[in-house]
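Single-structure report; data block below.
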Amino acid sequence: MPDIILNLNFSKKEENDEMPVKKEKKTGKIKSFLIKFDTITSKLVPTYFLIMFLTLFIFSYYIINSISTYLNKNEQVNATATANMIASLIAERNYISPDQKQVAPGFDLFLSETLRIPKETRVIILNNQAEVMFDSFNPGGSEITVQSTKSVMSALQGKEGGEIVENEDGKSLIDVAVPINKNAPLGAVNVRYTTDIQEKIISPLTKDIIIVFVVITFIIGLFIFIVANLLTKRIVDFTEKITEMSDGVLDERLEIKGHDEVARLGEAFNTMSDKLVMLEQKRVDFVSSASHELRTPLSSIKLMSDSIAQNSDIDMKYVREFLNDMNTEVDRLNRIIEKLLYLTKLDNVKAENINLDFEFIDVREVVMDIVKNLSPLAEAKNIEINCSYCESLYIMADNDKLWQGIYNIIDNAIKYTPDGGKVIIGITKQDGNALIAVKDTGIGISEEECEKIFDRFYRVDKARARETGGTGLGLAIALESIEMIGGTISVDSKLDEGSTFTVSIPLFTEN
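Numbering-wise (UniProt numbering), the sequence shown opens with residue 1 and increments by one.
Structure representation (structure tokens):
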């Protein structure tokens, strides 16, 4: 016994140890099922199926009910016509006794043989006191009593009456009554009979409609399921591609079929994918260029500092020369960092949709201030700056962005113009825009390079750029700054003849 008890306890322990695993598996299956159920198809199909089912059900019910009502009404009309015919003959031929207690003998034969009234049709003749004078179901009976119905009461008041009621067997009973001699009612003719419309017509029709209903429901349900799967399959494909893109595969593209909303979604996805690839390439190029630009002055500083450190008996003349060169490289490094920080600021403004500080600005005053600021640089290179200003032109813009845009263009023109050259600046008005044209007599730009000069770290003459302290970021800053205030920059250049940069900004209007 002890052994058995021990074994049993051990078995229970093992079962208890396994329980969490089983529960975990069961929970996982439930979650998996719920995830599968919580899909567009699982929501779309039942919804459309229910709508379609209710529509067909209501339509089928309406058809059956309409046909049943029509046939019953038709039967009621026929019964009323029969009752009117009997009432008319009774009035014309005086079939009612003077005391209005009974009808003429043989009236039952008259109904069955002459008028050919079916035996299943019950004909009741009542006097104006609602007393039964004749009942075709009991032609020889005496003191016959029949329950007066709404139809009978209406007929005794000189009006035709009729209704369809359900008898004890659950069948439809046609019950109509008409007055005898409407001008001076002598009584009423009541015609009653059960109709077999329900058994002969409505029931078979209902069965046929149910069969058709089931078939149509199945076909439409299957069609909805197929269409929903086709639709969601494309969405599932989109989801898989987006998931892959989130894992770093940015060049994913979708196959577009049709012109519906899903197709347009796919086109938008492909456009986004192309832009992401382009942005990623720009990011890689930017990081590479930035690393190179930052490494160059650092390498120079490192080289010169090592030279000083490794030569204890170096002449102070060379030490000062190295220190001056190192200071120049530090200044250059500082300029690169400042411009990178400014570009980052511009990117943040665009990405976060930050509102700019727009104000009422005179373009001429801004250009004059920039020229005054850059005059020492032009004088150092013996470059002549010629300015032609029109009247004051007012715009609504962010002053910092306007200043940076125009400053970098004029600064670029001075840097890339040889000593003794000219820079011509003109301000005009055209088609509701303020135009600032900056023309130089510099090295010029080829047609192919004109498309790249606004890229970050791109320089037409890299060797000359290093001599002048250029970073390759000035024109990129200029373009982004001007575009942020609603302006544009165009370039017209020829090699060895110079370039003309034209900034166009909408003028201020009351509208």
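Glycine included, each C-beta is placed from N, C-alpha and C at the ideal position.
A quick note: this is a predicted structure, and the numbers were derived from the prediction, not measured.
Rounded to the nearest angstrom, the gap between the Cα atoms of Ile242 and Arg283 is 21 Å. Within the model, the alpha-carbon separation for Asp208 versus Asn190 is close to 36 Å. For Ala177, the enclosing beta strand (DSSP E) stretches over residues 172-180. Linking Ile395 to Thr441 through their CA atoms gives a straight-line distance of about 29 Å. Measuring C-alpha to C-alpha distances from Asn373 to each of Lys401, Leu356, Phe358, Asn408 identifies Asn408 as the nearest.
With a minimum length of 3 residues, the unbroken runs of beta strand (DSSP E) contained wholly in the region 366-442 fall at 384-388, 394-398, 422-430, 433-440. The C-alpha of Arg456 lies about 23 Å from the C-alpha of Leu377. With respect to the C-alpha of Asp196, the residue from Asn181, Lys171, Phe218 having the closest C-alpha is Lys171.
DSSP places Gly498 inside the beta strand (DSSP E), whose first and last residues are 498-506. Considering only Val319, Ala309, Asn334, Arg264, the residue with the shortest C-alpha distance to Leu298 is Asn334. Look at the beta carbons and you see the region 150-159 not touching the region 212-222: under three pairs across the two are nearer than 8 Å. Under the three-state reduction of DSSP, Ser136 is assigned to coil, being neither helix nor strand. Looking only at Val123, Arg122, Leu475, the smallest Cα-Cα distance to Lys339 is reached by Leu475. Looking at the DSSP output, Gly161 bridges to Ala177. For Ala188, the enclosing beta strand (DSSP E) has its first and last residue at 187-194.
Under DSSP, Glu447 takes part in no beta bridge, so it has no partner. Looking at the DSSP output, Glu359 sits in a beta bridge with Ala397. The residue among Leu507, Glu163, Ala177 with its C-alpha nearest the C-alpha of Asn127 is Ala177.
Here the alpha carbon of Val491 sits roughly 7 Å from the alpha carbon of Ser499.
In this structure, DSSP gives Asp237 a helical state, which the three-state scheme calls helix.
Residue nearest to Ile201 within the set Tyr70, Glu168, Thr428, Glu92 is Tyr70 (criterion: CA-CA distance). The Cβ atoms of Ile427 and Tyr389 sit closer than 8 Å to each other. Boundaries of the alpha helix (DSSP H) harbouring Val152: 150-156, taken from the DSSP string.
Rounded to whole angstroms, Pro105 and Asn94 show a C-alpha spacing of 12 Å.
Going by beta carbons, Leu393 and Leu473 fall outside the 8 Å limit. Residue pairing from DSSP places Ile96 in a beta bridge opposite Val103. In this structure, Phe225 lies near Val45, with their beta-carbon atoms less than 8 Å apart.
For Ile489, the enclosing beta strand (DSSP E) has its first and last residue at 488-494.
Taking a contact to require three or more Cβ pairs closer than 8 Å, the region 432-450 and the region 401-415 qualify as touching. The beta carbon of Arg234 sits closer than 8 Å to the beta carbons of Lys257, Val262, Gly266 from its chain, once the five residues preceding and following it are set aside; these are given in chain order. Residue environment: Asp175 is assigned as buried (16 or more neighbouring CB atoms within 10 Å of its CB, all protein chains considered).
Residue pairing by DSSP places Asn127 opposite Gly187 in a beta bridge.
Judged by beta-carbon spacing, Glu384 lies within the 8 Å limit of Lys422, meaning their Cβ atoms are closer than that value.
In the structure shown, Arg116 adopts coil according to DSSP, grouped into three states. Gly161 counts as buried, since at least 16 other C-beta atoms from the protein chains shown sit within 10 angstroms of its C-beta. When the beta-carbon positions are compared, Ile485 and Lys401 come within less than 8 Å of each other.
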